[in-house]
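Peer 1: Numbering (the numbering used here), first residue to last: 349 to 420.
A virtual CB, placed ideally from N, CA and C, is assigned to each residue, including glycine.
Just so you know, these numbers come straight off a predicted model, no measurement behind them.
Below is a structure I'd like to ask you about.
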């Protein structure tokens, strides 16, 4: 995958994968694995963000805010 889970640096940014591949910082296999994960998760209804290959949300911010209350 190119980084550990919960890595917050540029190596985790899906939007930078092409340039990171060109720089030799990611391999074809790492990008292929990320792509498979994204396809499976988005097909299951999850959404992604541009800065973390490992981050998937089941609901949007507004859906979550409307559906759930804060537990203190």
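Can you tell me whether residue 392 is buried or exposed? The criterion is at least 16 other CB atoms within 10 Å of its CB, across all chains shown.
Peer 2: Exposed, since its Cβ has fewer than 16 Cβ neighbours within 10 Å.
Peer 1: Using a Cβ-Cβ cut-off of 8 angstroms, state whether residue 383 counts as contacting chain C.
Peer 2: Any reference to chain C falls outside this structure, which holds one protein chain only.
Peer 1: Going by DSSP, which residues form a beta bridge with residue 418?
Peer 2: In DSSP, residue 418 forms no bridge with anything.
Peer 1: Among 398, 411, 394, which residue has its Cα nearest to the Cα of residue 404?
Peer 2: Among 398, 411, 394, the Cα nearest to that of residue 404 belongs to 394.
Peer 1: Suppose the cutoff is 8 angstroms on Cβ atoms and the five residues either side in sequence are ignored; what does the same chain contact list for residue 407 look like?
Peer 2: Result list for residue 407: 415, in chain order.
Peer 1: How many angstroms separate the CA atom of residue 362 from the CA atom of residue 419?
Peer 2: Between residue 362 and residue 419, the C-alpha separation is close to 32 angstroms.
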